[in-house]
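Asks:
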Amino acid sequence: MRELGSIVVLVHVVSFCFGCIVGSFLNVVVWRVPRGESLLSPPSHCPNCGHEIRPWENIPIISWLVLRARCSGCGLPISIRYPLGEGATGILFWLVALAAFRRNLPLAWLPGAFYLTGSLLAASLIDLKHRLIPNLITYSGLVVSIVLALLIPQGRISVFSNDAAVSGGLLVHSAIRGLAGEFQADLIQMPAVLAMLDWALGAALGFAILGSFSVLGTKVFKSPLMGMGDVKLLAMIGGFLGADAVLFTTLFGSLTGLFFGLVRRYVFRSSDLSVAFGPFLSLGAFVWILFGGSVWEFFHKVF
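Structure below.
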């Protein structure tokens, strides 16, 4: 038991530190990608004097404190958003690791959950400021989700049984089991096939739901109700988390987005009714990452 406890603590610490490192990279992504700049070159540097940031000056959070929030070349203040972004990502990754143990999921589930969490954070920050979700984030996410489904399908398959045990069986996963019928036992012996089926259903449903809203808005209101970035973001979420997560994310994102829009309109008297939908979809997906199918139990009790 003591060894198991040590492993759990180690996973939590490593997850937080890894998240801080990823957060440092996401700072670069959020700044460069919307501007069409390369993520590889030039190396990170001071925007004022061009001083190239050395490795010891790029340690998440610590370097900002050691440098006293100033460039070592010219003394220009370094924005606090950098350590905040690193720390926030570290906390999110720690929460993901915590969810893995709470939901009794294998470590094979973590790579996909970590990648998706980082992608959701980057997409949300960019969408809030620039009102766009770059294809680089969504397309690369879809590719990574396919690769993970093929290489470590156990990270997805384990979610089926765990969420079914908690919530009494998820809608789409239950449908898969029903349609499989007598072939269900064979599918269980082919985890990569089952994982790819789950990936295809999730990505397709994510694209279809918001894609239909976009087409409907164009035909009825002569203006798309949402951008294609949101459509591809939900498809990416489905690629990582499956079709049931798409249904929850759409519902959660729509309700929270509507609530935010109403507060903005009637409390703050804002005349701008447009809302960046990406952050609300991302929040819904992250809630699913943390709680999985058990969120349906909460909805059943409340509503």
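First residue of the sequence shown: 103, per our numbering; consecutive thereafter.
Where is the CB? At the ideal position from N, CA and C, for every residue including glycine.
Work out the CA separation of Phe-362 and Cys-148 for me, nearest whole Å.
Replies: 37 Å
Asks: Can you name the start and end residues of the alpha helix (DSSP H) that Pro-185 belongs to?
Replies: 183–204
Asks: Expressed to the nearest angstrom, what Euclidean distance is found between the alpha-carbon atoms of Ile-193 and Val-322?
Replies: 43 Å
Asks: Measuring CB atoms only, is the stretch 384–398 touching the stretch 215–222, in the sense that at least three cross pairs come out at less than 8 Å?
Replies: yes
Asks: How close, in whole Å, do the beta carbons of Leu-252 and Ala-294 come, if the pair is a contact with beta carbons under 8 Å?
Replies: Contact holds; Cβ gap of about 6 Å.
Asks: What would DSSP say about Arg-367, mapped onto helix, strand or coil?
Replies: helix
Asks: Drop a sphere of 10 angstroms on the beta-carbon of Asn-129, count the other beta-carbons inside from all chains shown, and report buried for 16 or more, exposed for fewer.
Replies: By the 16-neighbour rule on beta-carbons within 10 angstroms, Asn-129 is buried.
Asks: Taking 6 Å as the limit between beta carbons, can you name the residues of its chain near Gly-344, skipping five residues before and five after?
Replies: Asp-300 and Gly-304
Asks: Please give me, in chain order, every unbroken run of the alpha helix (DSSP H) with length at least 4 that falls completely inside the stretch 106–170.
Replies: 164–168
Asks: Within the chosen definition, does the stretch 365–376 reach the stretch 336–350 through at least 3 CB pairs nearer than 8 Å?
Replies: no
Asks: Helix, strand or coil: how does DSSP classify Phe-388 here?
Replies: helix
Asks: Where does Arg-172 fall in DSSP's three states?
Replies: strand
Asks: In the DSSP assignment, find the unbroken alpha helix (DSSP H) run with Trp-301 in it and report its ends.
Replies: 293–322
Asks: What do you reckon, are the CB atoms on Leu-250 and Pro-213 nearer than 8 Å?
Replies: In contact: Leu-250 and Pro-213 (Cβ atoms closer than 8 Å).
Asks: For the stretch 219–233 and the stretch 190–204, state whether three or more C-beta atom pairs, one from each stretch, are separated by less than 8 Å.
Replies: yes
Asks: Looking at the strands, I want to know which residues DSSP matches up with Pro-208.
Replies: The partner list for Pro-208 (beta bridge, DSSP) is empty, contrary to what the question assumes.
Asks: Near Met-338, which residues of its chain fall below 6 Å by C-beta distance, leaving aside the five closest residues on each side in sequence?
Replies: Thr-240, Gly-243 and Leu-244
Asks: If you run the structure through DSSP and keep just helix, strand and coil, what is Pro-236?
Replies: coil
Asks: Measuring CA to CA, which of Phe-354, Asp-229, Val-397 and Pro-157 is closest to Ser-126?
Replies: Pro-157
Asks: Based on Cα-Cα distance, which residue from Val-317, Leu-141 and Cys-122 lies nearest to Ile-163?
Replies: Cys-122
Asks: Does the ligand PLP have even one heavy atom less than 7 Å from the beta-carbon of Leu-296?
Replies: In terms of ligand content, the structure shown is empty, and the ligand PLP therefore cannot be addressed.
Asks: Taking DSSP as the reference, what is the three-state secondary structure of Pro-255?
Replies: coil
Asks: Could you give the residue range of the alpha helix (DSSP H) that holds Leu-335?
Replies: 330–343
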